[in-house]
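Numbering (the working numbering), first residue to last: 22 to 89. From the three backbone atoms N, C-alpha and C, an ideal C-beta is built for every residue, glycine too. Only a predicted model underlies this, so the values are computations on that prediction, with no experimental measurement involved.
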């Protein structure tokens, strides 16, 4: 039987769902959040959040640019 290390579990959790916050990963794995950040940093991984942005119509964008 193969047991995964804590670092492997964290790496797998982030890799399988990169949009998940470090707080959620920490809670799910029962590890403190700073440990998640440390392991990701050591492995040069950066968790990120997808952010929805508004789509601006071209004419609205032109109007906003002219106001400046």
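| Check | Outcome |
| --- | --- |
| If I follow the unbroken alpha helix (DSSP H) through residue 43, where does it start and stop? | 43-50 |
| Between which two residues does the alpha helix (DSSP H) containing residue 61 stretch? | 54-63 |
| Could you tell me the boundaries of the alpha helix (DSSP H) in which residue 37 lies? | 27-37 |
| In or out: residue 31 buried (at least 16 other Cβ within 10 Å) or exposed? | buried |
| Which residue from 43, 52 and 48 puts its Cα closest to that of residue 66? | 43 |
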